[in-house]
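In the numbering used here, the protein residues as written are 2 to 188.
Here is the structure we will look at.
So this is what it looks like as structure tokens:
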């Protein structure tokens, strides 16, 4: 009947890989410090993603890989971890990442403290004990002075230590520095 049959046109499908996100920047820092966090992406740029720091979830879009930012975690509980992770990811092709498993853990250590305890009135030639009390993570290192000379306390593995002194005259003892296994404190 004069009708021509033809084969269907060729159809090409492009199968895009699912995007991935790899978070890096695991660190241990001291209260008040910052640390870099980096997220490397695969897939088609730009990427839309949500990430969390265990407190808040933030939505972002970036064409940069790696995407980097400075984390300033705050904690109210000593040595609490802030965990940074990507929770959703979509690339420019509309593909949704489903196997997002890497994260960066930032541990924030409280600053150590120290105090000198004991006030004594003694006679010339007598001695007395100074008690140093520490907070933080052992071992502790500290320096103190007696108006004329500096002294070091090293590798203290308990929350306090006692130093026996025999002053030649009225002295005022002052702490100069304090550090623990993780951080340097301020006096």
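Yeah, the Cβ is synthetic: ideal placement off N, Cα and C, and Gly gets one too.
Would the beta-carbon of residue 113 fall within 7 Å of that of residue 186? Note that the C-beta distance between residue 113 and residue 186 is below 7 Å.
Alpha carbon to alpha carbon, how far is residue 27 from residue 104? One alpha carbon belongs to residue 27, the other to residue 104, and they sit about 8 Å apart.
So, is residue 102 buried or exposed, given that buried needs 16 or more other C-beta atoms within 10 angstroms? Sixteen is the threshold: since fewer than 16 other Cβ atoms of the shown chains lie within 10 Å of the Cβ of residue 102, the residue is exposed.
Inspect the CB distances between the segment 85–97 and the segment 46–53 and report whether three or more fall short of 8 Å. Output reads yes: the segment 46–53 touches the segment 85–97.
Under 7 Å between C-beta atoms of residue 22 and residue 87: Cβ atoms of residue 22 and residue 87: closer than 7 Å.
Using a Cβ-Cβ cut-off of 6 Å (strictly less than) and excluding sequence neighbours within five positions of residue 148, which residues of its own chain qualify? So the qualifying residues of the chain are 172, 173.
Considering residue 109, what are the terminal residues of the beta strand (DSSP E) in which it resides? Counting along the chain, the unbroken beta strand (DSSP E) around residue 109 starts and ends at 104–110.
Per DSSP, which one or two residues make a beta bridge with residue 84? Paired residues: 106.
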